[in-house]
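Undergrad: Residue numbers for the sequence shown follow the numbering used here, beginning at 8 and rising by one.
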Amino acid sequence: MIFWSEMMMTKPYALGEFIRDLEDIVTAEHDQARIVAGVEPLVQRLVGSDDLSWLKPEYRQLPQGKTGVASGYGQYCLYRRGTALSVIVFCWGPRQGTPIHDHLSWGVLGFIDGMEKETRYKRVDDGTNAEYAQLEEVGVHYTEKGRTSHLVTPSRDVHKVENPGDTPSVSIHVYGCDMGRQQRRRYDLQSGKIQWYTTPHDSDEIVMP
C-alpha cells in the first residue's frame, strides 16, 4: 500500500514550482521558525522527487582551479531575490569540508547524493567580544539522500560540514539571504578567533519560477 505522504515525496516537483511555493512562504512569513517550518517540507519534497532533471551534470563537480577557504566545494546559485533569498546547489569533494562557521540567516538544507557529516556548535561566551567566541560541540549528524536539516540564527546557526565519503556529495540549500554575498563568520575552536568572510557563487544561473 502506498500512502499519500509517500506519493507526495516521489511525485515530480519542478524547480520552478518549488521556487514559487518557496516565495509564497517567505513573502507571507517573517518569523524564522515559521519560515523554516514551511520551507523544510518543500525542500524534502524536492530532493525526494523522482525527477531531478534540473540538477545539471556540472552541479555534481567541483569548479576547476578554485582556491581558498571554499576550494573543497562548488557553490552553484540557482535562484536569488536581492539579498533576501537564495537557492544554491553545493557539491563537496571527497574528504572535503568547511571550517566552523555561521550564516547569520535561517536556512534549510536538502541532501541529494552522497553523505555529509554535520557537527553543530553553540556559543558559550557572552558574545560581547566581536573578535572572540568560545564554542561547545552539541552534536554530530550524518545526512543522506532525501533528508533535510535546518538553521535558525542565532540559536542553531554554527556548524561545520564534511563529506566523509570517497565520492562527491550534493545538496541544495535555501537561505534567507544571498549567501554568495553574505558577510559571515568562521571560528577557530582552539584560539577562539573570529574571522569575517564571504563565499562567492561559482555560477549564477538564475531559474525563473
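A virtual CB, placed ideally from N, CA and C, is assigned to each residue, including glycine.
1) Find the nearest neighbour of L92 within the set S176, I32 and H166, judged by alpha-carbon distance.
2) Just the C-alpha distance for T135 and K200, rounded to the nearest angstrom, thanks.
3) Using 10 angstroms around the beta-carbon of F10, count the other beta-carbons present and answer buried if the total reaches 16, otherwise exposed.
4) Can you tell me which of the three DSSP states G45 falls into?
5) For the pair the segment 147-155 and the segment 114-128, tell me if three or more CB-CB distances fall below 8 angstroms.
6) Looking at the strands, I want to know which residues DSSP matches up with S178.
7) Please name the residue, chosen from L49, C184 and V145, that lies closest to L111 on a Cα-to-Cα basis.
8) In whole angstroms, what separates the C-alpha of H108 from that of G45?
9) Sorted by chain position, which residues of the same chain lie with C-beta nearer than 7 angstroms to G100's C-beta, five sequence neighbours on each side aside?
10) In the DSSP assignment, what are the bridge partners of K129?
11) Quick one, which of A21, E65, R27 and Q103 has its alpha-carbon nearest G253's?
12) Go ahead and pull the three-state DSSP assignment for D57.
13) Less than 8 angstroms between the C-beta atoms of L53 and F97, yes or no?
14) Please state if the CB of Y20 and the CB of S56 are separated by a distance shorter than 8 angstroms.
TA: This is what the structure holds:
1) On the sequence shown, position 85 is the one that residue 92 refers to. Out of S176, I32 and H166, I32 has the C-alpha closest to the C-alpha of L92.
2) Here residue 135 is taken as the residue at index 128 of the sequence shown, counted from 1. Here residue 200 is taken as the residue at index 193 of the sequence shown, counted from 1. So the alpha carbons of these two residues sit roughly 13 angstroms apart.
3) As a first step, residue 10 is located in the sequence shown; it is residue number 3 there, counting from the start. Annotation note: pLDDT 39 at F10 (below 50); position unreliable, coordinate value reported separately. F10 comes out exposed.
4) Along the sequence shown, one-based indexing puts residue 45 at 38. Looking at G45 - three-state DSSP - the assignment turns out to be helix.
5) yes
6) Taking the first residue of the sequence shown as 1, we reach residue 178 at position 171. Answer is F97 and F118.
7) By 1-based counting over the sequence shown, the position of residue 111 is 104. Comparing Cα-Cα distances from L111 to each of L49, C184 and V145, the minimum goes to C184.
8) Your numbering for residue 108 matches position 101 in the sequence shown. Your numbering for residue 45 matches position 38 in the sequence shown. Roughly 25 angstroms between the two C-alpha positions.
9) Position 93 of the sequence shown, counted from the start, is the residue given in the question as residue 100. If we look at G100 and ignore the five residues flanking it on each side, its Cβ neighbours are L69, G79, Y80, N170 and P175.
10) In the sequence shown, counting from the first residue as 1, residue 129 sits at position 122. According to DSSP, K129 bridges with E143.
11) Here the chain covers residues 8 to 216 and nothing more, so residue 253 does not appear.
12) The residue labelled residue 57 in the question sits at position 50 within the sequence shown. It is coil, neither helix nor strand.
13) To locate residue 53, count along the sequence shown from 1; it is residue 46. To locate residue 97, count along the sequence shown from 1; it is residue 90. No, they are not a contact pair.
14) Translated into positions along the sequence shown, residue 56 becomes position 49. Translated into positions along the sequence shown, residue 20 becomes position 13. Yes, these two residues count as a Cβ contact at 8 angstroms.
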